[in-house]
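Enquirer:
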Amino acid sequence: MTAPEPRPADDKTPEIIAASARPAGAEGQFDSETATTPPVRRRCIWRWLGGLLAALLALLLLALGGLWWWTGSEGSLATALRWAGAQQPLVSDEVTGSVRSGGKVRRLVWDKDGLRVEVHDAELQWTPAALLARTLQIDTLSARRIVVDDQRPKGDEPAAGPPESFALPLHIQVKALRAGELQWAGPPPYTLSDVAGRFDYDGGRHLLELDSARIEGGSYRLRAAATAHAPIRVDVAMAGALAAPCPVPRRRCR
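Note that this note's numbering has the sequence shown beginning at 33, numbered continuously upward.
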């Protein structure tokens, strides 16, 4: 048996020939293109997302600006009350003013399940910016006449007792609360007149202070406070003067 002849030193395999035939620098260029393609694509995606977010932000600012302008325009309060009337048993007549600054309503009626509340010549002035501090600030809330007529049927079920909480989602400040006449249709009927005071809710306590209220010939002041969370505690203080006819001749009553 004869041994195979040795391959010449310069005899190269096809793989080696192909590798040596590749132009110098081609491999580095190919690897560089492969490495740089993903970052370029990522930059394009980020630019697209940035443009989309900028467009959405511009639309949001435009919508908020339009809403702010609308709430300050005359007639927006009437429109808002009409929208509310489409969802609730609320009727309003001759409304002037805007949602942002407040306005006047000649007649406002709430009527549901036998309870009817009718307000005449109401006026509202408030500060919308206070909502940023989670406070509903009403500068003036007044009405010439308020009539409350409760005709709801009286059930035989025992009273359920006081609620466990009077908490509200916002703080409330009513700086000036006025009513020329507050009429309770009964039964029994009674009428308060020249009512003036204020109301405050700070998240933990409701406070109603009446500087004046006239009923049955007497003039009274009232301070009533109630906690917002259980156990509910109520504190009421009232002072007043009752006008009574003089039982003796007028000269001796002076």
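Quick reminder that beta carbons are idealized off the backbone N, C-alpha and C, glycines included.
All values derive from a computational prediction rather than experimental measurement.
Using the beta-carbon count (16 or more within 10 Å), is Y222 buried or exposed?
Expert: Looking at its Cβ environment, which holds fewer than 16 other Cβ atoms inside 10 Å, Y222 is exposed.
Enquirer: From the DSSP output, which residues share a beta bridge with G134?
Expert: Answer is S130, bridged to G134.
Enquirer: Nearest by alpha-carbon distance to V131: which of W115, K144, R148 and G107 is it?
Expert: Minimum Cα distance to V131 is reached at G107.
Enquirer: Any idea what DSSP makes of R184, helix, strand or coil?
Expert: In the structure shown, R184 sits in coil (DSSP, three-state: anything other than H, G, I, E or B).
Enquirer: Using 8 Å as the threshold, is the C-beta distance between R177 and H203 below it?
Expert: No. Outside cutoff.
Enquirer: Kindly indicate the opening and closing residues of the beta strand (DSSP E) around A154.
Expert: Element bounds for A154: L147 to T159.
Enquirer: For A110 versus V127, is the C-beta distance shorter than 8 Å?
Expert: Yes, the pair counts as a contact, with Cβ atoms nearer than the cut-off.
Enquirer: Here's a check: name, in chain order, each residue in its chain whose Cβ is nearer than 6 Å to the Cβ of L239, leaving out the five neighbours to either side.
Expert: Around L239: D232 and A257.
Enquirer: Can you tell me which of the three DSSP states L140 falls into?
Expert: The answer is strand: DSSP assigns L140 an E or B state.
Enquirer: Quick one: is G82 buried, meaning 16 or more other Cβ sit within 10 Å of its Cβ, or exposed?
Expert: G82 should be labelled exposed.
Enquirer: So, at 6 Å on beta carbons, what are the nonlocal neighbours of E150 in its own chain, with the 5 sequence-adjacent residues on each side left out?
Expert: Answer for E150: V141 and V179, listed in chain order.
Enquirer: Please identify the residue among V268, A269, G249 and V266 whose C-alpha is closest to the C-alpha of A275.
Expert: The shortest Cα separation from A275 among V268, A269, G249 and V266 belongs to G249.
Enquirer: Suppose the cutoff is 6 Å on Cβ atoms and the five residues either side in sequence are ignored; what does the same chain contact list for G135 look like?
Expert: Cβ within range, chain order: L109, T128 and G129.
Enquirer: Closest to R184 by CA distance: which of R210, K207 and G218 is it?
Expert: Comparing Cα-Cα distances from R184 to each of R210, K207 and G218, the minimum goes to G218.
Enquirer: Whose C-beta lies closer than 8 Å to the C-beta of A26 among residues of the same chain, with five residues either side of it excluded?
Expert: Summary: the structure shown does not reach residue 26, with the chain confined to residues 33 through 286, and so no result is reported for it.
Enquirer: In angstroms with no decimal places, state the Cα-to-Cα distance between A262 and L84.
Expert: Between A262 and L84, the C-alpha separation is close to 50 Å.
Enquirer: So what does DSSP say about R79, is it helix, strand or coil?
Expert: Residue state, collapsed to three classes: helix.
Enquirer: Fully enclosed by the stretch 88-133, which beta strand (DSSP E) runs are 3 residues long or longer?
Expert: Complete beta strand (DSSP E) runs here, min 3: 122-130.
Enquirer: Ignore the nearest five residues each way along the sequence and tell me which others in S105's own chain have a CB closer than 7 Å to its CB.
Expert: Excluding residues within five positions, the ones whose Cβ falls inside 7 Å are S130.
Enquirer: Classify L168 as helix, strand or coil using the three-state DSSP reduction.
Expert: DSSP places L168 in strand when its eight states are reduced to three.
Enquirer: Where L214 and D145 are concerned, what is the direct C-alpha to C-alpha distance, given to the nearest angstrom?
Expert: Roughly 21 Å between the two C-alpha positions.
Enquirer: Excluding sequence positions up to five away, which residues of its chain have a Cβ less than 6 Å from the Cβ of D181?
Expert: Excluding residues within five positions, the ones whose Cβ falls inside 6 Å are R148 and A217.
Enquirer: Which of the three DSSP states is assigned to Q61 in this structure?
Expert: Low per-residue confidence applies at Q61: pLDDT is 49, beneath 50, and the placement is therefore not dependable, though the value from the model is reported in the following sentence. DSSP places Q61 in helix when its eight states are reduced to three.
Enquirer: Looking at A211: is its Cβ nearer than 8 Å to the Cβ of G236?
Expert: For A211 and G236, no; Cβs fall outside 8 Å.
Enquirer: Quick check: the Cα distance between L88 and G229, rounded to an integer number of angstroms?
Expert: So the alpha carbons of these two residues sit roughly 47 Å apart.
Enquirer: Identify, in the order they occur along the chain, each residue of the same chain with its Cβ nearer than 8 Å to the Cβ of A175, setting aside the five sequence neighbours on each side.
Expert: V151, H152, D153, A154, E155, R210, A211 and G212.
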